[in-house]
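In this text, residue positions in the sequence shown follow the UniProt record's numbering: the first is 1, and each later residue adds one.
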Amino acid sequence: MQNFSFVWNQYDLVRGMFLARMTEITEEEADVVPDGFTNNIRWNIGHILLTQDYLLLGPEGMKCPPYYAAMFAPGTKPADWQKEGPSLEALAAELKEQHVRIKEELQSRLNDPLPKPFELGDKGTMHTYGEMMVFTLFHEGMHTGCISSLRTAIAAAK
């Protein structure tokens with residue numbers, strides 16, 4: 001059996017850094033959509049949560065509230081929301097719970113094949129839970145960068 005502790009160490013690092021950055025964000029700042037952007041900080045946080053659940057656990061294993069798909073799925077935006085987004089506190093709690101749950105559910109399954117290979121357009125295909133886990137860490141980092149850009153644009157507009 002292969003030792004994947006490095007993947008879990010990276011997950012702890014990435015999620016820990018992300019949660020620490022969330023403490024710097026105010027509820028008001030989380031809802032600003034600066035010129036040139038289509039989404040806000042709250043959308044990016046919810047998108048990370050929803051996407052990791054979907055990609056690693058599939059629609060049947062997701063623990064996110066069902067209405068999150070209409071708010072945070074790819075292609076959605078706050079301008080189209082039918083209800084108020086969850087608080088930063090609620091999102092942080094869900095991210096912490098997800099972190100524990102995913103580690104428990106997938107701890108010994110990173111080498112297992114996904115139910116169906118996941119094709120990322122013409123960019124590549126993921127075949128195992130381990131490949132998908134590593135991709136979700138990249139995805140979380142990418143959206144952390146988006147949040148940094150949003151915060152810079154919000155500060156510049158003040």
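Each residue gets a CB set at the ideal place from its N, CA and C atoms; glycine is no exception.
Rounded separation between residue i and residue j - CA only
i: residue 104; j: residue 98; result: 10 angstroms
i: residue 64; j: residue 87; result: 14 angstroms
i: residue 120; j: residue 73; result: 16 angstroms
i: residue 102; j: residue 95; result: 10 angstroms
i: residue 33; j: residue 155; result: 12 angstroms
i: residue 149; j: residue 136; result: 20 angstroms
i: residue 62; j: residue 35; result: 33 angstroms
i: residue 7; j: residue 80; result: 36 angstroms
i: residue 100; j: residue 142; result: 22 angstroms
i: residue 110; j: residue 9; result: 14 angstroms
i: residue 128; j: residue 134; result: 10 angstroms
i: residue 151; j: residue 13; result: 22 angstroms
i: residue 146; j: residue 2; result: 34 angstroms
i: residue 122; j: residue 11; result: 26 angstroms
i: residue 83; j: residue 77; result: 12 angstroms
Cβ-based burial, residue i [other Cβ within 10 Å; buried from 16]
i: residue 30; result: buried
i: residue 71; result: buried
i: residue 124; result: exposed
i: residue 49; result: buried
i: residue 106; result: buried
i: residue 67; result: exposed
i: residue 159; result: Residue numbering for the chain in the displayed model covers 1 to 158; residue 159 lies beyond these limits and cannot be assessed.
Residue i and residue j closer than 8 angstroms at C-beta
i: residue 4; j: residue 140; result: no
i: residue 21; j: residue 144; result: yes
i: residue 126; j: residue 138; result: no
i: residue 46; j: residue 85; result: yes
For residue i: DSSP bridge partner residues
i: residue 198; result: The shown model of the chain, from 1 to 158, leaves out residue 198, and the question about it has no answer.
i: residue 113; result: 128
is_contact[residue i, chain C] using C-beta, thresh 8 angstroms
i: residue 71; result: Looking for chain C here will not work: only one protein chain is present.
>> When you compare the region 33-40 with the region 48-67, are there three or more beta-carbon pairs, one atom per stretch, that lie closer than 8 angstroms?
In response: no
>> For the region 84-92 against the region 108-118, do three or more pairs of beta-carbon atoms, one drawn from each stretch, fall closer than 8 angstroms, so that the two count as touching?
In response: no
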